[in-house]
Structures are given as C-alpha cells and as structure tokens.
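Numbering (this note's numbering), first residue to last: 3 to 331.
The beta carbon of each residue, even a glycine, is placed where N, CA and C say it ideally should be.
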C-alpha cells in the first residue's frame with residue numbers, strides 16, 4: 003500500500019530510514035522541509051502505529067504542484083472516483099487542510115472548495131467528526147491528497163505524565179537519538195534533560211545507559227514520573243551541568259540535549275552555552291558524538307571545539323531551529 007506520512011519539517015530522511023529499517027519499505031520519496039513522505043509499504047496501517055518519527059499517516063492518493071487554488075481542485079477532481087471508492091453508503095466525509103508557506107488563499111478556502119466538489123459528487127459532508135477525512139495539504143507550491151488512517155497524533159506519547167513548559171517534541175528527540183548514531187552499551191548524557199524526553203526516545207533506538215541532568219529539581223521529579231510511566235531507567239542528577247565535570251569523570255559516549263534559549267533563561271545565553279560546550283569537552287569519552295537542537299545554534303558553535311558533521315534546519319511550532327551534530331575532539 004502507498005502511504006503518506008507526516009513529520010516535523012526537516013526530518014523527512016529520518017522517516018525514510020525508520021520505515022526502511024522497521025517495515026522494509028520498497029520505495030519512499032520526500033521533499034526536504036515538506037514534512038511529508040510518500041512510501042510503498044507492504045504492511046497494514048496498524049503496523050505504522052509503532053513508528054516514532056511520524057506524527058500522522060494515511061492512504062496516499064495523489065500530489066502535484068500548483069499556481070492557483072483551481073489547480074488543486076482540478077487535481078482532486080482527477081482522483082475523485084478513487085476517493086469516493088473509500089466512502090461507504092451513509093458514511094460522511096470531511097476535508098482538512100494543513101498549509102505551510104505563503105499563498106493567496108487560506109486553509110479554509112481549500113477545505114471549502116474541495117468540500118463543495120465532494121458534495122457535488124454526492125458525498126454527505128460533515129464538519130464534525132466525519133467518517134472519512136480527506137486531507138489536502140499545501141506546502142510551498144506543492145499539494146498532497148491523502149486519507150487519514152489514524153487520527154490520534156503519534157507524537158502524543160503515553161509516557162508524558164509530566165509536561166515541561168518547554169517540552170521537546172518527541173519526534174525531534176527521537177531523530178536526535180538516531181542522528182547521533184547510538185550503539186548498544188553506550189552512555190548517553192542529556193545535560194538539560196527537562197522532562198526526560200530525549201532519554202526516553204533514545205531507549206527505543208539502542209540499549210544505552212542514560213544520564214539525565216538538570217538544575218531544576220521540579221523538572222527532575224517530572225522526568226522520574228515519565229520514566230516510571232514508560233517503564234524506563236535512567237541516572238538522574240540534580241546538578242548544574244556547566245560544573246558537572248567536577249563531579250564526574252569522562253563517561254559520555256554521546257550527548258543529546260535541548261538547551262534553553264528563550265525568555266526564561268539567564269540573560270547571558272553565551273555564558274550558558276560556553277559552559278555547556280566546556281562540559282561536553284570534559285565529560286566526553288574518545289570519539290564521543292553530540293547532537294544539540296536550538297535556534298541559537300551560532301552561540302553553541304562559537305564555543306564547541308569539536309568537528310561539526312551536520313547542521314540541519316527544522317521547523318515546528320512556528321519556529322526554525324537547527325540540529326547540530328558533531329564529534330568531540
């Protein structure tokens with residue numbers, strides 16, 4: 003079956019890698035920063051529920067490029083018989099549009115135009131909880147038409163009992179654990195762990211020892227609550243990570259962390275990032291790798307003395323950030 007899978011914009015290749023590894027996808031294609039992957043997977047929809055790099059998924063119908071709203075409507079019209087074949091008698095249909103980019107129309111305009119097309123074809127339209135949800139997503143100058151298979155967002159992890167005020171999207175945390183290339187038996191250090199999301203996602207990538215550090219006792223208690231809900235273990239330290247080298251010997255094979263960057267951090271972000279980069283250097287075992295996600299990536303790289311292997315831009319929640327992947331000297 004051909005599926006469309008959505009993810010955080012900028013992490014499309016992580017989805018391709020995961021579905022090839024776990025589901026043996028025979029083919030997959032995506033456009034960078036589209037947040038969409040189209041893949042041929044010989045597996046039922048239920049098997050996709052275990053994917054950790056995916057937010058939502060469904061049956062792929064068609065895609066194309068456009069210059070006006072009418073082009074999108076014509077694209078849907080060309081596959082209307084296929085769409086209606088999924089609609090059983092007395093079932094209702096609805097249209098949802100997720101839009102990214104600047105366009106001379108709104109998401110509501112797309113939903114209204116395509117909804118009118120379905121209604122003209124004899125479908126019963128429902129604006130609340132339809133039996134069949136048709137998605138017409140618009141990203142840049144491309145559109146994607148697909149049918150929802152799972153309405154629950156897969157990023158809503160059941161272990162999230164404690165919600166950090168600036169909690170990291172679990173999909174991003176999972177991607178970081180993959181990008182840092184964790185191996186069984188290694189020690190992963192999260193120097194600003196918050197609710198423990200990175201270590202919890204890392205446990206699904208490899209059998210690693212996790213060291214979670216945070217200066218806030220409240221957040222560490224929340225992380226322990228999340229670890230308990232997930233049935234996971236980690237070493238949790240209430241400590242200032244910029245001074246952690248005074249208490250620990252070099253023990254980290256890999257680092258993955260999401261340092262503060264917004265209004266709730268100390269005024270001097272450079273002082274914080276300088277201290278974190280220094281801690282990475284002093285706590286690293288030979289060949290240690292690091293993955294950091296932050297909109298303030300320039301500030302981190304100013305003090306990081308290792309080799310930068312990759313910097314990728316991601317977009318989520320209306321904010322562009324960068325994941326910096328590197329190797330500690």
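No Cβ-Cβ contact shorter than 8 Å links residue 124 with residue 166. Under DSSP, the beta-bridge partners assigned to residue 148 are 62 and 137. The Cβ atoms of residue 97 and residue 138 lie closer than 8 Å to each other. Cβ contact annotation for residue 209 (same chain, cutoff 8 Å, sequence separation greater than five): 186 and 187, in chain order. Looking at 159, 90 and 132, the one whose alpha-carbon comes closest to that of residue 57 is 159. For residue 116, the three-state secondary structure derived from DSSP is helix. For residue 36 and residue 13, the gap between their C-alpha atoms comes out near 9 Å. Minimum Cα-Cα distance from residue 168 among the listed residues 295, 299, 16 and 307 corresponds to 295. Runs of the alpha helix (DSSP H) spanning 4 or more residues and lying entirely within the stretch 285-327 occur at 299-305, in chain order.
Across the structure, residue 79 and residue 85 are spaced so that their CA atoms are roughly 9 Å apart. One Cα belongs to residue 253, the other to residue 11, and the distance between them is close to 33 Å.
In this structure, residue 55 lies near residue 16, with their beta-carbon atoms less than 8 Å apart. Burial check for residue 157: the Cβ neighbour count within 10 Å reaches 16 or more, so the residue is buried.
Its chain contains 94 and 96 as the residues whose beta carbon lies nearer than 6 Å to that of residue 128, once the 5 sequence neighbours on both sides are disregarded; these appear in chain order.
Looking at 303, 111 and 6, the one whose alpha-carbon comes closest to that of residue 64 is 6. Around the beta carbon of residue 203, 16 or more other beta carbons lie within 10 angstroms, which makes this residue buried.
Contact between the stretch 66-77 and the stretch 107-116 is established, with three or more Cβ pairs separated by less than 8 Å.
With contacts defined by Cβ atoms closer than 8 Å, residue 256 and residue 184 form a contacting pair.
Rounded to whole angstroms, the gap between the alpha carbons of residue 191 and residue 61 is 39 Å.
Taking 8 Å as the cut-off, the Cβ atoms of residue 18 and residue 28 do not count as close.
In this structure, the alpha-carbon of residue 21 lies about 14 Å from that of residue 173.
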